[in-house]
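Numbering (our numbering), first residue to last: 56 to 307.
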């Protein structure tokens with residue numbers, strides 16, 4: 056996977072992000088904080104489910120644990136655990152969930168199962184099917200599986216957004232031809248066939264591919280920026296997540 060397209064770009068003042076709103080809860084209204092946290096949880100709840108499943112929990116146990124964890128997170132004492140020094144939302148969630156799982160939730164969840172109201176309308180049936188399709192013997196630790204799942208959510212969401220933009224502007228066929236090539240270093244001769252299929256010459260197709268790579272890199276950095284408290288952390292977090300996709304890295 057080529058990561059050269061995702062190098063740091065100059066930025067001005069770091070914008071207010073969902074995570075910075077959460078960790079500076081005292082500076083904003085409760086509704087703003089909850090809205091920011093809900094946005095993040097909607098985007099990244101599946102890695103929580105994955106982490107619990109990788110700890111040997113069943114589908115229903117993982118569903119209960121994830122919902123209960125999110126309920127605790129939205130509670131006042133849960134938000135109080137979010138501090139600026141925690142740096143990024145991924146690390147905060149992983150640490151908090153790991154700590155909660157060590158408190159023998161399995162018995163508590165069995166007692167509560169079916170009695171609580173879902174905090175967010177999350178599709179756990181689809182989550183179970185998705186998890187079943189993932190390799191069971193991947194050799195990843197729960198932390199590594201969490202990071203890989205988190206990175207997949209980030210990348211898939213970003214790619215889906217770009218695909219929608221291309222399709223809206225009538226360039227869906229171009230995106231379909233470019234997307235399989237965006238991560239690699241394809242030699243020019245291998246671009247001739249897809250270019251010809253679109254009625255383009257190789258140079259024009261190459262320019263379009265480079266443009267998509269830049270846009271993807273910018274969008275990925277923007278998505279990562281929403282989960283960190285400091286602009287200095289963006290590139291390190293992005294590199295970590297790309298490494299998680301490539302080979303599986305330990306959670307940090």
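Note that beta-carbon positions come from the ideal geometry of N, C-alpha and C, so glycine has one too.
- Which residues in the same chain have their Cβ closer than 7 Å to the Cβ of residue 103, if we skip the five residues on either side of it in sequence? On the chain shown, position 48 is the one that residue 103 refers to. Closer than 7 Å at Cβ, skipping near neighbours: 121, 124, 148 and 152.
- Message: So for residue 110, helix, strand or coil by DSSP?
- Response: Position 55 of the chain shown, counted from the first residue, corresponds to residue 110. It is coil, neither helix nor strand.
- Task: Quickly, what does DSSP pair residue 283 with across the bridge? List them, please.
- Result: Residue mapping note: residue 283 aligns to position 228 of the chain shown, counting from 1. BP columns for residue 283 point to 143.
- Pair within 8 Å by beta-carbon distance, residue 179 and residue 108: On the chain shown, position 124 is the one that residue 179 refers to. On the chain shown, position 53 is the one that residue 108 refers to. Taking C-beta atoms as the reference points, residue 179 and residue 108 fail to come closer than 8 Å.
- Item | residue 260 versus residue 250 - alpha carbon distance | Working through the chain shown from its first residue, we reach residue 260 at position 205. Working through the chain shown from its first residue, we reach residue 250 at position 195. Cα-Cα distance, rounded: 6 Å.
- Could you tell me if residue 269 is buried or exposed, where buried requires 16 or more neighbouring beta carbons within 10 angstroms of its beta carbon? If you number the chain shown from 1, residue 269 lands on position 214. Residue 269 should be labelled exposed.
- Spatial distance of residue 105 from residue 255 (CA atoms): As a working mapping, residue 105 is identified with position 50 in the chain shown. As a working mapping, residue 255 is identified with position 200 in the chain shown. C-alpha of residue 105 to C-alpha of residue 255: approximately 43 Å in a straight line.
- Same chain, Cβ closer than 7 Å to residue 177, neighbours up to 5 away in sequence not counted: Against the chain shown, residue 177 aligns to sequence position 122. Cβ neighbours of residue 177 beyond the five flanking positions: 100.
- Message: Just to confirm my understanding: we take residue 293, look at its own chain, exclude 5 residues before and 5 after, and list those with CB closer than 7 Å. What are they?
- Response: The count along the chain shown starts at 1 and reaches residue 293 at position 238. Within the same chain, residue 293 has close Cβ partners 61, 275, 276 and 279.
- Message: So, for residue 204: in the same chain, excluding its five sequence neighbours on each side, which residues have a beta-carbon less than 7 Å away from its beta-carbon?
- Response: Along the chain shown, one-based indexing puts residue 204 at 149. Excluding sequence neighbours, residue 204 sits near 101, 102 and 105.
- Item | Proximity below 8 Å, CB of residue 273 to CB of residue 143 | Walking along the chain shown from the start, residue 273 turns up at place 218. Walking along the chain shown from the start, residue 143 turns up at place 88. No, the pair does not count as a contact, with Cβ atoms beyond the cut-off.
- When you compare only the Cα positions, how much space is there between residue 253 and residue 285? Residue 253 sits at position 198 when you count from the first residue of the chain shown. Residue 285 sits at position 230 when you count from the first residue of the chain shown. Cα to Cα, residue 253 sits roughly 42 Å from residue 285.
- Message: Quick check: is any heavy atom of the ligand NAD less than 7 Å from the C-beta of residue 121?
- Response: This structure does not include the ligand NAD; it has no bound ligands of any sort.
- Message: Please classify residue 171 as buried or exposed, where buried requires at least 16 other C-beta atoms within 10 Å of its C-beta.
- Response: One-based indexing of the chain shown puts residue 171 at position 116. Residue confidence is low: residue 171 scores 47 on pLDDT, short of 50, so the model does not pin down where it sits. No coordinate-derived value is stated.
- Considering only residues of the stretch 164-239, which uninterrupted alpha helix (DSSP H) runs meet the minimum length of 4 residues and lie entirely inside it, listed in chain order? Listed in chain order, the alpha helix (DSSP H) elements of length 4 or more contained wholly in the stretch 164-239 are 179-188, 197-223 and 227-233.
- Message: Quick check: the Cα distance between residue 74 and residue 282, rounded to an integer number of angstroms?
- Response: Taking the chain shown and counting its residues from 1, one reaches residue 74 at position 19. Taking the chain shown and counting its residues from 1, one reaches residue 282 at position 227. Rounded to whole angstroms, residue 74 to residue 282 spans 5 Å at the Cα level.
- Query: For residue 299, which of 206, 262, 219 and 247 has the nearest alpha-carbon?
  - Reply: Position 244 of the chain shown, counting from 1, holds the residue named residue 299. It is 206.
- Item | Nearest candidate by alpha-carbon position, reference residue 308, set 97, 190 and 271 | A query on residue 308 cannot be resolved here, the shown segment of the chain reaching from 56 to 307 and no further.
- Measure from the alpha carbon of residue 95 to the alpha carbon of each residue in 244, 208, 242 and 217, then state which is nearest. In the chain shown, counting from the first residue as 1, residue 95 sits at position 40. Minimum Cα distance to residue 95 is reached at 208.
- Hey, residue 241 and residue 257 are a contact pair by Cβ (cut 8 Å); roughly how many whole angstroms apart? Walking along the chain shown from the start, residue 241 turns up at place 186. Walking along the chain shown from the start, residue 257 turns up at place 202. The Cβ separation is near 11 Å, so there is no contact.
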